[in-house]
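Single-structure report; data block below.
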Amino acid sequence: MSYLILFLSVAVGAVLVLIWQPSDRRKIKLLTAFGGAYILSVTSLHLLPEVFGGGAHQHGDHAHNGFPIMGLCLLLGFFVQLILDYVSQGIEHGHAHHHAHDGKVPWGMLIGLCIHAYLEGTPLAHENHVGHEHALPVEVHNALLVGIVMHNVPVSIVFMSMLLHNGLTRTKSLLVVLVFSLMSPLGMLTAEIVEPIARYQRELMAVVIGIFLHIATTILFETGEEHRFNIRKFLAIVAGTGVAILGSFLHFH
C-alpha cells in the first residue's frame with residue numbers, strides 16, 4: 101500500500117494540472133506552505149524523537165564509540181539537499197523556473213528531483229522485509245509517509261505545470277513525471293531487498309530529517325514581495341501545523 105500511496109502522491113498532482121490547469125501561483129504557494137509546515141511539525145513530533153530519543157538507543161552498535169553519528173547523518177541530509185537545490189533549481193520547495201519554450205526535458209531538474217525522492221523513500225522499508233530491530237515503528241512510518249505525500253503533491257503540480265509551460269507535450273510531460281513518481285517507491289524497494297541498507301534505517305531517517313528541515317525552513321522563511329506579512333501564508337502554516345498536531349494527538353489518545 102505504501103508503494104501505491106507514494107506513486108499516487110505524484111501522479112495525482114500531474115493529473116490535477118491536466119484537468120484544472122491551475123494558473124494562480126499564489127494558491128500553489130499556499131499549498132506548498134501548508135505542506136512545509138506539516139513536514140516540519142511531523143519531523144518535530146515523530147521523526148526527531150524516534151531518531152534521537154528512545155528508538156535510537158536501541159541501536160547502540162551504530163553509535164561508533166560515542167560519536168554523534170545520527171547528528172552527522174542529519175547534517176549530511178541538509179547539505180545533500182542544499183546541493184540538490186542547485187541541480188533542481190529549488191523545485192523541491194515550489195520554485196518554478198520557466199525557460200525557453202523549446203520542448204526539451206530539464207534533465208538537471210529531473211535528476212535532482214529523482215535523487216531527492218529516492219532518498220525520501222529509503223527509510224520506509226517494511227518490518228517484514230528488514231526485521232523488527234531495523235524497521236521504523238508503524239506510527240513513525242505512517243507519519244513519514246504522510247509527510248512525503250504532503251510534500252509531493254504541490255511539487256508535482258509545480259513540476260508538471262512547468263513542463264507544459266516549457267513546451268513539452270502532455271505525453272512527454274507525463275512520462276517525465278512518471279519517472280519522478282517511481283523514485284520514492286524505488287528507494288523503499290531498494291532498502292527492503294538490499295540487506296546492508298536495511299540495517300541502517302534510522303541513519304537513513306536522520307538523512308531524510310536533514311532534507312525535510314532544509315525544505316521546510318526554506319519554504320516557511322521565504323519572504324514575499326517587500327517583506328510584507330502574508331496573512332494567507334501564515335494561516336496555511338498554522339493549518340499545516342495544526343493538522344500534524346491533531347493527527348499526533350489522535351494517535352496517542
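Going by this note's numbering, the first residue of the sequence shown is number 101, and it counts up by one from there.
Backbone N, C-alpha and C define an ideal beta-carbon position, used for all residues, glycine too.
Would you identify the three-state DSSP class for Gln181, choosing helix, strand or coil? Reduced to three states, the DSSP call for Gln181 is helix.
Cut-off 6 Å between Cβ atoms - residues of its own chain near Phe321, not counting five sequence neighbours on either side: none
Whole angstroms are fine: how far does the CA of Pro168 sit from the CA of Ala243? 24 Å
Quick check: Ile311 and His241, are their CB atoms within less than 8 Å of each other? Contact flag unset, no.
Given Leu268 as reference, the closest of Leu350, Leu118 and Arg302 once Cα atoms are compared: Nearest of Leu350, Leu118 and Arg302 to Leu268, Cα basis: Leu118.
Among residues of its own chain, excluding the 5 on either side of Glu220, which ones have a beta-carbon nearer than 6 Å to its beta-carbon? Ile248, Ser284 and Val308
Quick check on DSSP: helix, strand or coil for Asn242? helix
Residue range of the alpha helix (DSSP H) that Gln121 falls in? Per DSSP, Gln121 lies in no alpha helix (DSSP H) and is assigned neither H nor E.
Count Cβ pairs between the segment 282-296 and the segment 253-266 that sit closer than 8 Å; are there 3 or more? no
So what's Glu192 in DSSP terms, helix, strand or just coil? Shown here, Glu192 sits in a helix according to DSSP, grouped into three states.
Straight-line CA distance for Glu295 to Pro237? 19 Å
Since Ser188 contacts Leu213 with CB under 8 Å, what's their CB separation in whole angstroms? 5 Å
At what residues does the alpha helix (DSSP H) containing Pro296 begin and finish? In the DSSP assignment, Pro296 falls within the unbroken alpha helix (DSSP H) covering Glu295 to Ala298.
What residue range does the alpha helix (DSSP H) around Ala316 cover? Gln301 to Leu320
Exposure of Tyr300, with buried meaning 16 or more beta-carbon neighbours within 10 Å: buried
Helix, strand or coil, according to DSSP, for Ala225 in the structure here? It is coil, neither helix nor strand.
In angstroms, rounded to a whole number, what distance separates the CA positions of Ile319 and Phe334? 12 Å
Name the residue from Ala339, Phe349, Ile293 and Arg302 whose alpha carbon lies nearest to the alpha carbon of Gly177. Arg302
Which stretch, first to last residue, makes up the alpha helix (DSSP H) that contains Val205? No alpha helix (DSSP H) holds Val205; DSSP gives it neither H nor E.
Return the Cβ separation of Met250 and Ile139 in integer angstroms, given the expectation that the two are a contact with Cβ distance under 8 Å. 6 Å
Rounded to the nearest angstrom, what separates Leu104 and Val180 at their Cα positions? 26 Å
Beta-carbon proximity of Val253 to Gly113, cut-off 8 Å: Going by C-beta atoms, Val253 is nearer than 8 Å to Gly113.
Inter-residue CB distance, Ile345 and Ser141 (contact presumed, cutoff 8 Å): 6 Å
Should Val110 and Val276 be called a contact, given that it needs their Cβ atoms to be closer than 8 Å? Not closer than 8 Å, so no.
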